[in-house]
Amino acid sequence: MKIVFATGNSGKLREASEILGKGFELVTPAQAGVTDDVPETGLTLKANSIIKAEHIWNSCKCSCFADDTGLEVAALGGAPGVHTARYAGEDKDFDRNMDKVLHELAVLRTECSMAETLGLKMNRFSRRARFRSVITLILDGEKYFFEDILDGSIAYYKSGNGGFGYDPVFIPDEYPGKTLADISEEEKNAISHRGKALRAMAAFLNSR
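Quick note on our numbering: the sequence shown kicks off at 1040 and runs consecutively.
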């Protein structure tokens, strides 16, 4: 099945192709003749995934899907969340994004330690986090949604050479002591938020 994946991220495209397998031919928006950028103005991950998928459908009436993924850090009140890709600026520089998250957690940890020293009661400091992916699939104008999460924690420093995005600072519960960038692509795809949502979408498509 040929289907347009509304992304310009080569890492996401490679990951999705490997997860969906040979029964699916993924096409980029540019290959489908859609070259304009879409402002991601939604207030939720689901809203942004709908905006991106609808743009492809309205432009070429092709079967298509889009995902929006957010990193939600408990100590930061769920941030970066919907601002994950642009947390440190509009240029989507993930090194700077990761640096900002690590810096903010370091500041919070120091504040918590100082409060404890002074005998003040504060919530216990936590590095718990999760990735959440929401996929919007459009077939014949009808929308279908698939969502999943990956629980874990934020590392103290970047580690690993694999993956993309925030992978070098995210430690999944399934691999204690290793970031998503430390493990193989196969291992990551088996547990990842996007991988689970994509497999649910593939099962739905194969059942039709």
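Note that CB positions come from ideal geometry on N, CA and C, so glycine has one too. Quick caveat: nothing in here was measured; it's all calculated off a predicted structure.
Expected contact under 8 Å - CB spacing of residue i and residue j to nearest Å
i, j, result
"L1052", "F1104", "With 8 Å as the limit, L1052 and F1104 do not qualify as a contact, their Cβ atoms being about 12 Å apart."
"I1188", "F1170", "7 Å"
"S1198", "D1221", "6 Å"
"S1088", "V1173", "5 Å"
"F1203", "G1050", "4 Å"
"A1168", "A1113", "6 Å"
"E1016", "G1201", "The first residue shown for the chain is 1040 and the last is 1247, placing residue 1016 beyond what the model contains."
Same chain only: Cβ atoms within 7 Å of residue i, ignoring 5 sequence neighbours per side
i, result
"A1055", "F1044, L1065, L1237"
"R1135", "A1127, G1128"
"L1228", "Here the sequence assigns Asn to residue 1228, which means Leu is not the residue at that position. Once the five neighbours on either side are set aside, the close Cβ partners of N1228 are E1054, E1057, I1058, G1234."
"E1213", "I1230"
"A1124", "K1131"
For residue i, three-class secondary structure by DSSP
i, result
"V1112", "strand"
"P1207", "helix"
"L1059", "helix"
"L1178", "strand"
"C1103", "strand"
"E1093", "helix"
"L1082", "coil"
Close Cβ partners of residue i (< 6 Å) along its chain, the five nearest in sequence each way excluded
i, result
"S1102", "I1042, L1178"
"K1091", "A1045, V1077, A1105"
"Y1183", "L1176"
"V1208", "M1137, I1193, A1194, K1197"
Cβ shell of residue i (< 8 Å), same chain only, five flanking positions each side left out
i, result
"W1096", "C1103, I1177, G1180"
"L1144", "V1112, A1114, L1115, R1166, I1193"
"E1226", "Y1214"
"R1251", "Given that the chain is displayed from residue 1040 to residue 1247, the structure contains no residue 1251 and the question cannot be resolved."
Would you check if there are 3 or more beta carbon pairs closer than 8 Å linking the region 1069 to 1083 to the region 1233 to 1243?
-> no
Would you say the region 1106 to 1122 touches the region 1072 to 1083, given that touching needs at least three Cβ pairs under 8 Å?
-> yes
Within the region 1209 to 1243, ranges of the beta strand (DSSP E) (whole runs, at least 3 residues) | 1209 to 1211
Entirely enclosed alpha helix (DSSP H) segments - the region 1116 to 1198, minimum 4 residues | Here the runs fully enclosed are 1133 to 1156.
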